[in-house]
Amino acid sequence: MAVVVACLLAVGACTHSQPNYTMGTGGSSGSGGDNGSSGTGGSDNGSGGSGGLPVFGTGGSTGTGGTDNGTGGATTDASTNDAPAGDADNDAADDQADAGASDGGAVDQVSTDDAGFPIGAAVGTCIPFNWTVSASNSAPLDPPGNAVDGVATTRWSTGVPQAPGLNYQIDFGGFVQLSELRLDTGGSPGDYPRGYQVMASSDNFDFSNVIASDSPGDVAPPNSVTTIDFPPTALRGLIIQMTGTSGSWWSIHELTATCHISDGNGGLTTDLPTDNLQCTADLTAAGTPPFTRTNWTLTASSTSTMATDVITNAIDGLAATRWSSGVPQAAGQFFKVDLGSSGCVGHLEMTSPGTDFPNAFVVSVSADDNVYIPIAKGVGVSDTTIALPPHNARYVRIDQTGSSGSWWSINELTIAP
Numbered sequence: 000m001a002v003v004v005a006c007l008l009a010v011g012a013c014t015h016s017q018p019n020y021t022m023g024t025g026g027s028s029g030s031g032g033d034n035g036s037s038g039t040g041g042s043d044n045g046s047g048g049s050g051g052l053p054v055f056g057t058g059g060s061t062g063t064g065g066t067d068n069g070t071g072g073a074t075t076d077a078s079t080n081d082a083p084a085g086d087a088d089n090d091a092a093d094d095q096a097d098a099g100a101s102d103g104g105a106v107d108q109v110s111t112d113d114a115g116f117p118i119g120a121a122v123g124t125c126i127p128f129n130w131t132v133s134a135s136n137s138a139p140l141d142p143p144g145n146a147v148d149g150v151a152t153t154r155w156s157t158g159v160p161q162a163p164g165l166n167y168q169i170d171f172g173g174f175v176q177l178s179e180l181r182l183d184t185g186g187s188p189g190d191y192p193r194g195y196q197v198m199a200s201s202d203n204f205d206f207s208n209v210i211a212s213d214s215p216g217d218v219a220p221p222n223s224v225t226t227i228d229f230p231p232t233a234l235r236g237l238i239i240q241m242t243g244t245s246g247s248w249w250s251i252h253e254l255t256a257t258c259h260i261s262d263g264n265g266g267l268t269t270d271l272p273t274d275n276l277q278c279t280a281d282l283t284a285a286g287t288p289p290f291t292r293t294n295w296t297l298t299a300s301s302t303s304t305m306a307t308d309v310i311t312n313a314i315d316g317l318a319a320t321r322w323s324s325g326v327p328q329a330a331g332q333f334f335k336v337d338l339g340s341s342g343c344v345g346h347l348e349m350t351s352p353g354t355d356f357p358n359a360f361v362v363s364v365s366a367d368d369n370v371y372i373p374i375a376k377g378v379g380v381s382d383t384t385i386a387l388p389p390h391n392a393r394y395v396r397i398d399q400t401g402s403s404g405s406w407w408s409i410n411e412l413t414i415a416p
């Protein structure tokens with residue numbers, strides 16, 4: 000089936016040079032005392048470094064040099080070279096100050112947990128639908144959002160031949176950790192990138208950190224998927240920039256990533272929903288058959304008064320019958336399905352006669368018919384198929400966000416894991 004889903008987003012990307020840092024100086028450690036006498040304290044605190052990147056805060060803090068006197072020496076014949084307890088504390092503080100010196104004195108601002116994320120930094124999302132994407136160039140019918148809409152038959156495309164400087168940019172909304180990107184050009188097999196570099200940013204301002212690059216030239220990638228691997232990297236945004244040339248446009252039908260976020264305890268987790276297989280396994284184990292149409296209840300914002308347009312026609316298994324709104328399409332109209340029980344929603348198909356497909360729509364899911372989570376959006380065609388980010392849900396709602404002189408009609412609606 001033909002599919003069109005679009006997410007019109009701002010176009011543009013920029014790069015800037017990285018600010019300079021100055022190095023902080025650590026305080027010196029305190030000396031141990033002789034037997035029975037007090038040790039001397041360390042020197043003054045180390046100086047702070049200059050301002051760092053915006054995400055990590057402004058100027059570096061001062062190092063915490065040793066200030067307290069060491070405790071008295073032992074009353075026994077222990078060696079005077081042994082550092083007393085007070086000195087050990089000062090040495091630890093000095094070590095931290097020295098670490099600050101090597102990083103420009105900003106150790107308190109850029110300390111990271113075990114996952115490599117700045118402490119206190121905003122947490123991003125691994126769900127492509129929620130990314131903010133843009134590009135240096137886009138063909139009129141191929142906006143940047145098409146590359147992350149979950150639909151393989153839509154695409155983002157430059158609309159111009161490949162040349163150095165063309166780019167595609169992603170803002171993850173906060174910090175994520177990536178280790179692989181996959182650029183699928185299966186629907187446009189000649190539009191793979193002839194050369195590229197991937198640049199990471201911690202603030203969506205400085206993209207000088209190149210984490211991957213390649214120049215495949217005219218060697219097509221296996222299965223039309225360009226796979227880009229790199230060491231796990233914590234970042235807020237990235238740019239994929241063209242470095243090659245070709246008479247072909249550069250297109251991406253689907254961009255996916257190996258992505259994790261911080262769990263807040265020094266580890267990694269993901270906000271991606273449970274996959275279809277696990278959802279189906281859970282439902283089978285519970286003895287609840289997923290998506291039995293006879294259990295569904297349908298409602299809509301309006302329904303035609305014609306006897307041939309009743310709402311149940313949308314799921315009667317007959318392609319020649321239909322449900323119809325009975326009024327021209329307008330924002331605020333909806334079609335909602337109560338599945339009868341929770342299931343793993345991961346696939347939606349909607350067929351419409353003539354021009355009665357939704358002009359623009361959002362698909363949302365809910366567990367309680369109260370709080371709805373939007374998981375896909377786009378524009379419709381006569382046969383619309385959407386691979387949804389899988390969610391456990393009982394309710395699925397399609398909201399009309401566009402307008403048209405045509406009624407909104409559905410011949411057949413299919414929802415599946």
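In terms of numbering that gives the first Met the number 0, the sequence shown is numbered consecutively and its last residue is 416. Note that CB positions come from ideal geometry on N, CA and C, so glycine has one too. Since we're looking at a predicted model, the values are computed, not measured.
Going by the DSSP bridge assignment, what does residue 406 pair with across the sheet? One-based indexing of the sequence shown puts residue 406 at position 407. Per DSSP, the beta bridge partners of residue 406 are 327.
What are the uninterrupted segments assigned as beta strand (DSSP E) that are 3 or more residues long and contained completely in the stretch 143–179, given in chain order? List check, beta strand (DSSP E) in window: 155–161.
Mind checking which residues open and close the beta strand (DSSP E) that includes residue 355? As a first step, residue 355 must be located in the sequence shown, where it is residue number 356. First-last for residue 355: undefined, no H or E at that position.
Going by beta carbon distance, what residues of the same chain come within less than 8 Å of residue 324, once the five residues before and after it are set aside? Along the sequence shown, read from residue 1 onward, the residue named residue 324 stands at position 325. Within the same chain, 299, 300, 301, 302, 303, 332, 406, 407 and 408 come within 8 Å of residue 324 by CB-CB distance, once the 5 residues on both sides are set aside.
Spatial neighbours of residue 309 within its chain, please: C-beta separation below 8 Å, excluding the five flanking residues on both sides. Counted from its first residue, the sequence shown places residue 309 at position 310. Around residue 309: 302 and 322.
Is residue 157 close to chain C, meaning its C-beta is less than 8 Å from at least one C-beta of that chain? In the displayed structure, chain C is absent; only one protein chain is listed.
Distance check for residue 264 and residue 401, CA to CA, integer angstroms please. Along the sequence shown, one-based indexing puts residue 401 at 402. Along the sequence shown, one-based indexing puts residue 264 at 265. One C-alpha to the other measures close to 43 Å.
Going by C-alpha to C-alpha distance, which of 140, 144, 176 and 169 sits closest to residue 159? By 1-based counting over the sequence shown, the position of residue 159 is 160. Relative to the Cα of residue 159, the nearest Cα in the group 140, 144, 176 and 169 belongs to 140.
Going along the chain, which unbroken runs of the beta strand (DSSP E) with 3 or more residues stay wholly within the stretch 210–243? Fully enclosed beta strand (DSSP E) runs of 3 or longer: 224–241.
Going by DSSP, what residue range makes up the beta strand (DSSP E) through residue 396? Residue numbering aside, residue 396 sits at position 397 when the sequence shown is read from its first letter. Secondary structure note for residue 396: its beta strand (DSSP E) is the uninterrupted segment 382–399.
Evaluate residue 59 with the Cβ neighbour count: other Cβ atoms within 10 Å of its Cβ, from every protein chain shown; 16 or more gives buried, anything less gives exposed. Locating residue 59 in the sequence shown gives position 60, counting from the first residue. Note that residue 59 scores 38 on pLDDT, short of 50, meaning its location in the model is unreliable and no value can be drawn from it.
Helix, strand or coil for residue 319 per DSSP? The count along the sequence shown starts at 1 and reaches residue 319 at position 320. In the structure shown, residue 319 sits in coil (DSSP, three-state: anything other than H, G, I, E or B).
Identify the continuous beta strand (DSSP E) that holds residue 196 and give its terminal residues. Position 197 of the sequence shown, counted from the first residue, corresponds to residue 196. Annotation: the continuous beta strand (DSSP E) that includes residue 196 extends over 195–200.
Would residue 358 pass as a contact of residue 380 if the rule is Cβ separation under 8 Å? As a first step, residue 358 is located in the sequence shown; it is residue number 359 there, counting from the start. As a first step, residue 380 is located in the sequence shown; it is residue number 381 there, counting from the start. It is not a contact, given that the beta carbons lie outside the stated cut-off.
Beta carbon of residue 441, beta carbon of residue 163: below 8 Å? Lying outside 0 to 416, the shown extent of the chain, residue 441 is not represented and no answer is given.
Taking just the CA atoms, how far does residue 131 sit from residue 251? On the sequence shown, position 252 is the one that residue 251 refers to. On the sequence shown, position 132 is the one that residue 131 refers to. When rounded, the distance between both Cα atoms is 16 Å.
By the three-class DSSP mapping on this structure, what secondary structure does residue 128 have? In the sequence shown, the residue the question calls residue 128 occupies position 129. Helix at residue 128.
Helix, strand or coil, according to DSSP, for residue 435 in the structure here? Any property of residue 435 remains undetermined from this structure, which presents the chain solely from 0 to 416.
For the structure I just gave you, are there three or more beta carbon pairs, one from the stretch 191–199 and one from the stretch 220–232, closer than 8 Å? With a cut-off of 8 Å, the stretch 220–232 and the stretch 191–199 count as touching, because enough Cβ pairs lie within range.
Determine which residues share a DSSP beta bridge with residue 183 and list them. Position 184 of the sequence shown holds residue 183. Answer is 224 and 253.
Buried or exposed (CB count within 10 angstroms, at least 16 for buried), residue 253: Taking the first residue of the sequence shown as position 1, residue 253 is located at position 254. Label assigned to residue 253: buried.
Going straight from the alpha carbon of residue 268 to that of residue 262, what length do you get? Numbered from its first residue, the sequence shown carries residue 268 at position 269. Numbered from its first residue, the sequence shown carries residue 262 at position 263. Cα-Cα distance, rounded: 5 Å.
Please report the distance separating the alpha-carbon of residue 374 from that of residue 119. The sequence position of residue 374 within the sequence shown is 375, counting from 1. The sequence position of residue 119 within the sequence shown is 120, counting from 1. C-alpha separation (whole angstroms): 27 Å.
Determine whether the beta carbon atoms of residue 154 and residue 145 lie at a separation below 8 Å. In the sequence shown, the residue the question calls residue 154 occupies position 155. In the sequence shown, the residue the question calls residue 145 occupies position 146. Yes, these two residues count as a Cβ contact at 8 Å.
Can you tell which of 292, 174, 368 and 386 has its C-alpha closest to the C-alpha of residue 392? Start at 1 with the first residue of the sequence shown, and residue 392 comes out as number 393. Here the closest residue by C-alpha is 368.
Compare the Cα-Cα distances from residue 237 to each of 217, 219, 176 and 410 and report the closest residue. Counting from one through the sequence shown, the residue named residue 237 turns up at place 238. A check of alpha carbon separations from residue 237 across 217, 219, 176 and 410 identifies 176 as the nearest.
By DSSP, does residue 134 sit in helix, in strand, or in coil? Counting from one through the sequence shown, the residue named residue 134 turns up at place 135. In the structure shown, residue 134 adopts extended strand secondary structure according to DSSP, grouped into three states.
Helix or strand or just coil, what does DSSP make of residue 208? Position 209 of the sequence shown, counting from 1, holds the residue named residue 208. If DSSP states are grouped into helix, strand and coil, residue 208 belongs with the strands.
Just reading off the beta strand (DSSP E) that residue 373 is part of, what are its end residues? Position 374 of the sequence shown, counted from the start, is the residue given in the question as residue 373. Boundaries of the beta strand (DSSP E) harbouring residue 373: 371–377, taken from the DSSP string.
Alpha carbon to alpha carbon, what distance is there between residue 247 and residue 223? The residue labelled residue 223 in the question sits at position 224 within the sequence shown. The residue labelled residue 247 in the question sits at position 248 within the sequence shown. C-alpha separation (whole angstroms): 14 Å.
Helix, strand or coil at residue 306 [DSSP, three-state]: Residue numbering aside, residue 306 sits at position 307 when the sequence shown is read from its first letter. Helix at residue 306.
In whole angstroms, give me the CA-to-CA distance for residue 204 and residue 137. If you number the sequence shown from 1, residue 204 lands on position 205. If you number the sequence shown from 1, residue 137 lands on position 138. About 22 Å.
Do the CB positions of residue 390 and residue 362 come within less than 8 Å of each other? Mapped onto the sequence shown, residue 390 falls at position 391. Mapped onto the sequence shown, residue 362 falls at position 363. Taking 8 Å as the cut-off, the beta carbon of residue 390 is found no closer than this to the beta carbon of residue 362.
Could you check where the beta strand (DSSP E) with residue 427 kicks off and where it finishes? No information on residue 427 is available, as it lies outside the stretch 0 to 416 that the chain covers here.
Report the CB separation of residue 348 from residue 383 in whole angstroms; it is logged as a contact under 8 Å. Taking the first residue of the sequence shown as 1, we reach residue 348 at position 349. Taking the first residue of the sequence shown as 1, we reach residue 383 at position 384. By a beta-carbon distance limit of 8 Å, residue 348 contacts residue 383. Their separation comes to about 7 Å.
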